[in-house]
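If you're matching them up, the sequences are chains G and W in order.
Those letters in the first sequence? Residues 830 to 971, per my numbering, in order.
Those letters in the second sequence? Residues 37 to 284, per my numbering, in order.
Note that beta-carbon positions come from the ideal geometry of N, C-alpha and C, so glycine has one too.
Keep in mind that this is a model prediction, so the values were computed, not measured.
Report on one structure; see the data block that follows.
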Amino acid sequence: MSEKKRRVMLVPCSGLGKSLGTVSREAAYEVLEDLRPDETGLTPLSLLVLGDEETRAAVADNVAVAIDGCKLACASKMVEESGGQVARGFAVLDAYRRHRDFKPRGIAELNEGGKKLAHALAEEIAEAVDDLSKDEEEEQDA
Amino acid sequence: MPDLPKKKVGIIACSGEELAEGTVTRLASLKVLEELRPDETVTICLPLFLAGGEQDRAFARFYPTIAVDGCDKRCAARSTEMHSGTPAAEIVVTDFVDGGDLGSGRQLSAEGMKAADVVAERIAETVDDLLGVRWDRRRGKAVEDVEQAEGAEAVGETEKESEARVAACACGSGIPVQKVQVNGNEITFIALPLIFERFHEQGKPPKDGTAEELMETVKIYTPVPEAEEEAYQEAVMREYARYWEEES
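As structure tokens, this is what we get:
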């Protein structure tokens, strides 16, 4: 009998002081709800900070993708702090460097540039989810 | 002269991404920080209590803090208490909504947006209440609580605090701290770099006449055990002498 398939847990930044945090969340929601709903789950940082056992286990037992809003990299650090490993890490700032035309503004509501940047980042994350899921399948088949 | 921070109220939102209520905490907090009480409030990202440094963990001791939670797990309140200090007040979104459809974490419904406005108003009222309370930064408690627990000795010190200094923005600039060896132990002194800067700019050299005044200021931010007062003073003066030499 094959092992239960692991999901890719998306761990976005929870920052509310910069539009980069909002881009990270919007990208995560797009992957979770639109692009790869069957392969992904969402991990709220607040539950990791609290040390919630169920959430820690979800991160440790599945594959984690951290999406950091700024250089403080809370999402990546919290995954590691919780006993998980960041299988793939994304930084919104790096995404912006790749897509200079999409300048994000706004926190409560992103401007058009922010929405486009989130979409571009979501596409990149979705590709990473595919790679990670493929790796998982190959491991299970082996 | 560097500003020692004026009294502000800290706001920490749970920001829970998986629930609409988490988004309500984030939007409500933002509204207070940007529109309703921009000059009186400051925030920090909750994960920085673990992912950041000592200066971030000093947040809730330094600022009387309102924890804004989406649900009864109370991640913001409990994590703040565990990693920083006891929140001065707590607000939970589910206490203000009656089971209507708030939308999703990604997109609030009209009802969700209305809930964010209601919660924002409640936060702003709480900010006003807390600004009327004297706050003991050494203990991270209202002076009234400290007086009840330990007598009135904190009152004189906390009165000075209303003159104090700057605030940090959302992402992690935090409270300046300095670690100093006292009797072989590493002690974290809150706001010490700014205190040194202020004394230096006032032309107060690291001599005996300065020590008492310097320690009185230090004690506003950092607890100094009575039995170790001499050792603390010696260590602080040693660090101040070093700072003075570097800056002069």
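In this structure the region 946 to 961 of chain G does not lie against the region 69 to 77 of chain W, because fewer than three pairs of beta carbons, one per stretch, are closer than 8 angstroms. Between Ile80(W) and Ile159(W), the C-beta gap is not smaller than 8 angstroms, which leaves the two residues out of contact. Beta-bridge analysis with DSSP links Glu222(W) to Gln217(W). Closer than 7 angstroms at the C-beta level to chain G, one finds these residues of the region 40 to 70 of chain W: Ala49, Cys50, Ser51, Gly52, Glu53, Glu54, Gly58, Arg62, Leu63, Ser65 and Leu66. Under the three-state reduction of DSSP, Gly141(W) is assigned to coil, being neither helix nor strand.
Only those residues of the region 942 to 964 of chain G whose C-beta falls short of 9 angstroms from the nearest C-beta of chain W would be listed, and there are none.
Looking at the DSSP output, Lys177(W) shares a beta bridge with Asp172(W).
Close CB contacts of Lys945(G) within its chain, under the 6 angstroms cut and outside five residues either way in sequence, are with Phe931 (chain order). Relative to Gln91(W), the option among Glu147(W), Ala125(W) and Gln214(W) whose CA is nearest is Gln214(W). In terms of beta-carbon proximity, Pro83(W) lines the interface with chain G, with at least one pair separated by less than 8 angstroms.
In the three-state reduction of the DSSP assignment, Leu82(W) falls in the coil class. Remark: C-beta atoms of Ser848(G) and Arg927(G) do not approach each other more closely than 8 angstroms. The beta-carbon of Ala112(W) is placed less than 8 angstroms from the nearest beta-carbon of chain G.
Note on the region 864 to 903 of chain G: whole beta strand (DSSP E) runs with a minimum of 3 residues are 869 to 871 and 892 to 897, in chain order. For chain W, the residues of the region 905 to 924 of chain G that bring a beta carbon within less than 8 angstroms of one of its beta carbons are Lys906, Met907 and Glu910, in chain order. In the structure shown, the three-state DSSP call for Thr101(W) is strand.
Between Gly121(W) and Gly176(W), the C-beta gap is smaller than 8 angstroms, which places the two residues in contact. The C-beta of Leu86(W) comes closer than 8 angstroms to at least one C-beta of chain G. Excluding sequence positions up to five before and after Leu55(W), its CB lies within less than 7 angstroms of the CB of Gly106, Cys107 and Gly141, all in the same chain and listed in chain order. Contact annotation: in the region 868 to 897 of chain G, residues whose CB is within less than 7 angstroms of a CB in chain W are Leu871, Pro873, Leu874, Ser875, Leu876, Val878 and Leu879.
Judged by DSSP secondary structure, Leu839(G) falls within the beta strand (DSSP E) whose first and last residues are Val837 to Pro841.
Between Thr246(W) and Phe232(W) the beta-carbon gap is near 11 angstroms, outside 8 angstroms, which marks them as no contact. In this model, Thr872(G) and Pro242(W) are separated by some 51 angstroms (Cα to Cα).
With 16 or more other CB atoms across the displayed protein chains lying within 10 angstroms of its CB, Gly52(W) is buried.
The beta carbon of Val254(W) is closer than 8 angstroms to those of Phe225, Leu228, Ile231, Val260, Tyr268 and Val272 in its chain, skipping five residues each way along the sequence. Under the DSSP assignment, Gly918(G) falls in the beta strand (DSSP E) whose first and last residues are Val915 to Ala920. By DSSP's assignment, Thr77(W) forms a beta bridge with Val45(W). Contacts with chain W at 8 angstroms (Cβ-Cβ) do not include Ser848(G). Per DSSP, the continuous beta strand (DSSP E) segment holding Glu126(W) begins and ends at Ala125 to Val128.
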